[in-house]
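Enquirer:
2 protein chains.
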Amino acid sequence: MNYPNKKENSQSSFINYSKRGMTLESDINASNKYYLDNDIALIYKKPTPIKVVKVDYNKRINTRITEAYYEVPSTTDYNGIYKGKYIDFEAKETKSKTSFTLNNIHKHQIVHLKKVLEHGGISFLIIRFTTIGKTFLIFTKDFISYINNNDRKSIPLTYIEEKGYLLKDGYNPIIDYIKILDNYIGDEL
Amino acid sequence: MNYPNKKENSQSSFINYSKRGMTLESDINASNKYYLDNDIALIYKKPTPIKVVKVDYNKRINTRITEAYYEVPSTTDYNGIYKGKYIDFEAKETKSKTSFTLNNIHKHQIVHLKKVLEHGGISFLIIRFTTIGKTFLIFTKDFISYINNNDRKSIPLTYIEEKGYLLKDGYNPIIDYIKILDNYIGDEL
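These protein sequence lines are chains A and B, in that order. One rule links them: number in this note's numbering = place in the first sequence (from 1) + 256. One rule links them: number in this note's numbering = place in the second sequence (from 1) + 256.
1) Tell me whether the beta-carbon of residue 330(B) lies closer than 8 angstroms to the beta-carbon of residue 432(B).
2) In angstroms with no decimal places, state the Cα-to-Cα distance between residue 342(B) and residue 374(B).
3) Excluding the five sequence neighbours on either side, which residues of its own chain have a C-beta within less than 7 angstroms of the C-beta of residue 313(A), listed in chain order?
4) When you compare the stretch 393–411 of chain A with the stretch 374–385 of chain A, are there three or more beta-carbon pairs, one atom per stretch, that lie closer than 8 angstroms?
5) Mind listing, in chain order, the continuous beta strand (DSSP E) runs of no fewer than 3 residues lying wholly within the stretch 304–372 of chain B?
6) For a test of the three-state rule: what should DSSP assign to residue 279(A), helix, strand or coil?
7) Do you know how far the Cα of residue 386(B) is from the Cα of residue 321(B)?
8) Mind checking whether residue 306(A) and residue 429(B) have CB atoms under 8 angstroms apart?
9) At a Cβ threshold of 8 angstroms, is residue 306(B) touching chain A?
10) Of all the residues that make up the stretch 317–351 of chain A, which are near chain B by a beta-carbon distance shorter than 9 angstroms?
11) Where do the ends of the beta strand (DSSP E) carrying residue 301(A) lie?
12) Taking C-alpha atoms, which residue in 359(B), 409(B), 389(B), 440(B) lies nearest to residue 279(B)?
13) Tell me the DSSP secondary structure of residue 438(B) in three-state form.
14) Does the distance from the CB of residue 360(B) to the CB of residue 348(B) come in under 8 angstroms?
15) Sorted by chain position, which residues of the same chain lie with C-beta nearer than 8 angstroms to residue 346(A)'s C-beta, five sequence neighbours on each side aside?
16) Taking the DSSP output, what are the residues bridged to residue 379(A)?
17) Report yes or no: is there a C-beta of chain A within less than 8 angstroms of the C-beta of residue 372(B)?
18) Mark residue 422(B) as exposed unless 16 or more other C-beta atoms lie within 10 angstroms of its C-beta, in which case mark it buried.
19) With a cut-off of 8 angstroms, does the C-beta of residue 389(B) fall near any C-beta of chain A?
20) Using DSSP's beta-bridge definition, name the partner residues of residue 384(B).
21) Closest by CA to residue 300(B), which one among 296(A), 298(A), 293(A), 372(A)?
22) Over the uninterrupted alpha helix (DSSP H) stretch that includes residue 400(A), give me the two end residues.
23) Distance, Cα to Cα, residue 437(B) vs residue 400(B)?
24) Among residues of its own chain, excluding the 5 on either side of residue 310(B), which ones have a beta-carbon nearer than 6 angstroms to its beta-carbon?
25) Is it the case that the Cβ atoms of residue 355(B) and residue 411(B) are separated by a distance below 8 angstroms?
26) For the candidate residues 357(A), 416(A), 284(A), whose alpha-carbon lies nearest to that of residue 407(A)?
27) Output the distance between the C-alpha atoms of residue 424(A) and residue 283(A), rounded to the nearest integer angstrom.
28) Find the nearest neighbour of residue 441(B) within the set 384(A), 285(A), 336(A), 340(A), judged by alpha-carbon distance.
29) What is the rounded straight-line gap between the Cα of residue 435(B) and the Cα of residue 417(B)?
30) Determine the extent of the alpha helix (DSSP H) in which residue 411(B) is found, giving its start and end residues.
31) Between which residues of its own chain and residue 290(A) is the CB-CB distance below 6 angstroms, once the five residues before and five after are set aside?
32) Would you tell me roughly how many angstroms separate the C-alpha atoms of residue 298(B) and residue 367(A), rounded to the nearest one?
33) Check the Cβ-Cβ distances between residue 362(B) and every residue of chain A, and say whether any is below 8 angstroms.
So, in structure tokens, the structure goes:
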């Protein structure tokens, strides 16, 4: 493996929760809206799962939830359909310049992405390295292959550059990840 | 059309919000768990969309949401993958003995189910008539066809019996709707 030896772990494990995923999320949402409006694909972000504990039914117009908690999602954030194919992915940002820490993803989300593959769907991660300003798509088979063959708790950027696909910023759609899937579907046929 | 002339509208438009969907929802969730555990299909219920307004970050362990509101869902409640195919459906209960009132479904949900069909996926409704204890699956093309050709704001049970598929209660899975899709996928091939 050709990845830097610099110790970046302490830096890469720092996560700014207040901003994490915001920009990448809004870019993906805007791209999904473009795909929807142009009848290219139907991809939606799933709502964040929230456990509602107390509700105030006295509000006549709109029921007010007065106590609730965030829950761990069972699956991934995004799924949908493209050319009849089931699409499923998770999107994450990292501040690291050298690797993507696997702690960023829940283990059962990785299991889910693998299951999608086994059931004949297309699943992947979209990872944005915010510090270097690069966004990649990496298919499940490729990052699972890395996890299975390495003890590291992070995937080096060099591996992602080698196996993944760089998603260049565009105008509309902002990140055209569907274009990558065309090649992938083409490979399968 | 061979549907009863009895005026059932006032009755069918009465909805018990506190119980609506609970039983059918739990039956479908249990069936989905069966499909998941047996590697038959991956179908999940999407979380209910909630708009969070106020959050108490002082709670160290688990962020408490102190003000939030239910939002109208953009899509349907359930989606996933079966034999590589994208699956998408909405499940509804009605107390009516004679018809399913279209007010039960948001118009943009019907548009979504139709779009899924156009993109090569499989979409349908699961409707339970709680008073007569019968549950049906009706594919999007069939209920859209009814809507396009009729002015009524409800689909008669007789039409659903004719075009839909009766889902008999089973033990495991409780409602085996995936079996119906087998025939449908078979028809397409």
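Heads up, the beta-carbon is just placed ideally off N, CA and C, and yes, glycines get one too.
Expert: Put simply:
1) Stepping through the second sequence from its first residue, residue 330(B) is reached at position 74. Stepping through the second sequence from its first residue, residue 432(B) is reached at position 176. For residue 330(B) and residue 432(B), no; Cβs fall outside 8 angstroms.
2) Taking the first residue of the second sequence as position 1, residue 342(B) is located at position 86. Taking the first residue of the second sequence as position 1, residue 374(B) is located at position 118. Roughly 12 angstroms separates the two Cα atoms.
3) In the first sequence, residue 313(A) corresponds to position 57, counting from 1. Same-chain partners within the cutoff: 319.
4) Contact between the stretch 393–411 of chain A and the stretch 374–385 of chain A is present, because at least three Cβ pairs lie under 8 angstroms.
5) 306–312, 320–326, 334–338, 341–350, 355–357
6) Along the first sequence, one-based indexing puts residue 279(A) at 23. Three-state result, residue 279(A): helix.
7) Within the second sequence, the letter at position 65 stands for residue 321(B). Within the second sequence, the letter at position 130 stands for residue 386(B). For residue 321(B) and residue 386(B), the distance between alpha carbons rounds to 35 angstroms.
8) Along the first sequence, one-based indexing puts residue 306(A) at 50. Along the second sequence, one-based indexing puts residue 429(B) at 173. Taking 8 angstroms as the Cβ cut-off, residue 306(A) and residue 429(B) do not qualify as a contacting pair.
9) Locating residue 306(B) in the second sequence gives position 50, counting from the first residue. It does: the Cβ of residue 306(B) has a partner Cβ on chain A nearer than 8 angstroms.
10) 318, 319, 320, 321, 322, 323, 324, 325, 326, 327, 329, 330, 331, 335, 336, 337, 338, 339, 340, 341, 342, 343, 344
11) Taking the first residue of the first sequence as position 1, residue 301(A) is located at position 45. Note, residue 301(A): beta strand (DSSP E), 298–301.
12) Residue 279(B) sits at position 23 when you count from the first residue of the second sequence. Checking every option, the nearest Cα to that of residue 279(B) belongs to 389(B).
13) Position 182 of the second sequence, counted from the start, is the residue given in the question as residue 438(B). If DSSP states are grouped into helix, strand and coil, residue 438(B) belongs with the helices.
14) Counting from one through the second sequence, the residue named residue 360(B) turns up at place 104. Counting from one through the second sequence, the residue named residue 348(B) turns up at place 92. Yes, these two residues count as a Cβ contact at 8 angstroms.
15) Against the first sequence, residue 346(A) aligns to sequence position 90. Excluding residues up to 5 positions away in sequence, 332, 333, 334, 361, 365, 369, 381, 382 lie with their Cβ nearer than 8 angstroms to the Cβ of residue 346(A) in the same chain.
16) Here residue 379(A) corresponds to residue number 123 of the first sequence, with the count starting at 1. Note: residue 379(A) sits in a beta bridge opposite 344(A).
17) The residue you call residue 372(B) lines up with position 116 of the second sequence. Yes - at least one Cβ of chain A is within 8 angstroms of the one on residue 372(B).
18) As a working mapping, residue 422(B) is identified with position 166 in the second sequence. Classification of residue 422(B): exposed, given that the 10 Å Cβ count is below 16.
19) Here the question's residue 389(B) lines up with position 133 in the second sequence. So, not an interface residue.
20) By 1-based counting over the second sequence, the position of residue 384(B) is 128. Per DSSP, 349(B), 391(B).
21) Position 44 of the second sequence, counted from the start, is the residue given in the question as residue 300(B). Nearest to residue 300(B) by alpha-carbon distance, out of 296(A), 298(A), 293(A), 372(A), is 372(A).
22) The residue you call residue 400(A) lines up with position 144 of the first sequence. That run of the alpha helix (DSSP H) goes 396–405.
23) On the second sequence, residue 437(B) is found 181 positions in, with the first residue counted as 1. On the second sequence, residue 400(B) is found 144 positions in, with the first residue counted as 1. Between the C-alpha atoms of residue 437(B) and residue 400(B) there is a straight-line separation of about 18 angstroms.
24) For the purposes of this step, residue 310(B) is taken as residue 54 along the second sequence, with counting starting at 1. Taken in chain order, the residues that qualify are 322, 323.
25) As a first step, residue 355(B) is located in the second sequence; it is residue number 99 there, counting from the start. As a first step, residue 411(B) is located in the second sequence; it is residue number 155 there, counting from the start. Cβ atoms of residue 355(B) and residue 411(B): closer than 8 angstroms.
26) Within the first sequence, numbered from 1, the residue matching residue 407(A) stands at position 151. Ranking the options by Cα distance to residue 407(A), first place goes to 357(A).
27) To locate residue 424(A), count along the first sequence from 1; it is residue 168. To locate residue 283(A), count along the first sequence from 1; it is residue 27. Computed Cα separation, rounded: 12 angstroms.
28) Stepping through the second sequence from its first residue, residue 441(B) is reached at position 185. Nearest option by C-alpha distance: 340(A).
29) What you label residue 435(B) is simply residue 179 of the second sequence in a count that begins at 1. What you label residue 417(B) is simply residue 161 of the second sequence in a count that begins at 1. Put simply, the backbone Cα of residue 435(B) is about 17 angstroms away from that of residue 417(B).
30) For the purposes of this step, residue 411(B) is identified with residue 155 of the second sequence, where counting begins at 1. Not the alpha helix (DSSP H): residue 411(B) falls in the beta strand (DSSP E), residues 410–412.
31) Here residue 290(A) refers to the residue found at position 34 of the first sequence. Excluding positions up to five away in sequence, the list reads 428, 429.
32) Walking along the second sequence from the start, residue 298(B) turns up at place 42. Walking along the first sequence from the start, residue 367(A) turns up at place 111. Each residue's Cα considered, the two are about 12 angstroms apart.
33) For the purposes of this step, residue 362(B) is taken as residue 106 along the second sequence, with counting starting at 1. At a cut-off of 8 angstroms between beta carbons, residue 362(B) makes no contact with chain A.
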